[in-house]
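Peer 1: Residue numbers for the sequence shown follow our numbering, beginning at 1 and rising by one. Got a structure here, written out as structure tokens. Questions coming.
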Amino acid sequence: MDTGLTTISEAAIENHRTVAQSFITRIVVLEDPSRESGTALAGTNRRFVSTVSVGSVRRTREVELTKTVAAIHPDDQLMSIPQHTLLYRARRGLAIALAISDVFAEGSDLESLQAKNARAPLEGDEASTFKKLLSASAYVSAFSFASYLFQLIDSDGEAPNDIAEPDFLFDTPQDAVKSIVAGLDKAIAGSKDDADLMTRARAFARVAIDGLL
């Protein structure tokens, strides 16, 4: 796999805009109350947690990030500039992260294995390699999304100490970024004002990055 710098075209990012818009509008995520199980990811402190639960019951939660952001000013039908900016950054970051996952697939064996798996379920070593590469692609997407948010969200406020790490899922790139959207939704819920909204969002992005390292 070429580890040099790669330019991602605007067209490639645009291909994911519709999906990204749907993710900030409404998603359903599976969350593990215990968050104890998982397979360690080599080289990091993270653990891969599959949506197929073993020994614990995962529960579903509806996440509507746009509504959560809008609730900061419930008496105003129009969003403020910070509110709109956060949602735009989230949508843009999602699209970029998913585009990066495409680049990862193209630069590794993942793309060809995905094609083979679509024709017939993979078995043996190929199935194992496919699962590992798909999880790695999900990790790349999660890190890309969290990093984008941290770099592009402006806030001078002091980071709160009550921000929780996302309940990361690494089954697919979409699962990974959705778990971050769900964590962001929790982090900003009940923000006092625009400044608090942006401070909490940026602090969450930092917590997410730390959790991935």
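For every residue, glycine included, the Cβ atom is placed at its ideal position computed from N, Cα and C.
(1) Among P82, P166, Q114, I24, which residue has its Cα nearest to the Cα of S137?
(2) What does DSSP give as the partner residues of E126 in its beta bridges?
(3) With H, G and I counted as helix, E and B as strand and the rest as coil, what does DSSP make of V177?
(4) Who are V63's beta bridge partners in DSSP?
(5) In chain order, what residues of the same chain have a beta carbon less than 8 Å from the beta carbon of S22, not counting five sequence neighbours either side?
(6) Do you know offhand how far L184's Cα is from P166's?
(7) Do Q83 and L197 have their C-beta atoms within less than 8 Å of each other?
(8) What's the call for Y88, buried or exposed, on a 16-neighbour Cβ count within 10 Å?
(9) Contact check, A20 vs R91 under 8 Å by CB: the rounded distance?
(10) Would you tell me roughly how many angstroms separate the C-alpha atoms of R203 and V140, rounded to the nearest one?
(11) Going by beta carbon distance, what residues of the same chain come within less than 6 Å of I8, once the five residues before and after it are set aside?
(12) Could you have a look at E158 and say whether DSSP puts it in helix, strand or coil?
(13) R58 and E14 - do their beta-carbons sit closer together than 8 Å?
Peer 2: Considering the structure as presented:
(1) Q114
(2) Looking at the DSSP assignment, E126 forms no beta bridge with any residue, so it has no partner.
(3) helix
(4) I27
(5) none
(6) 8 Å
(7) yes
(8) exposed
(9) 5 Å
(10) Sequence inspection shows Ala at residue 203; the Arg mentioned does not correspond to that position. Roughly 20 Å separates the two Cα atoms.
(11) A99
(12) coil
(13) no
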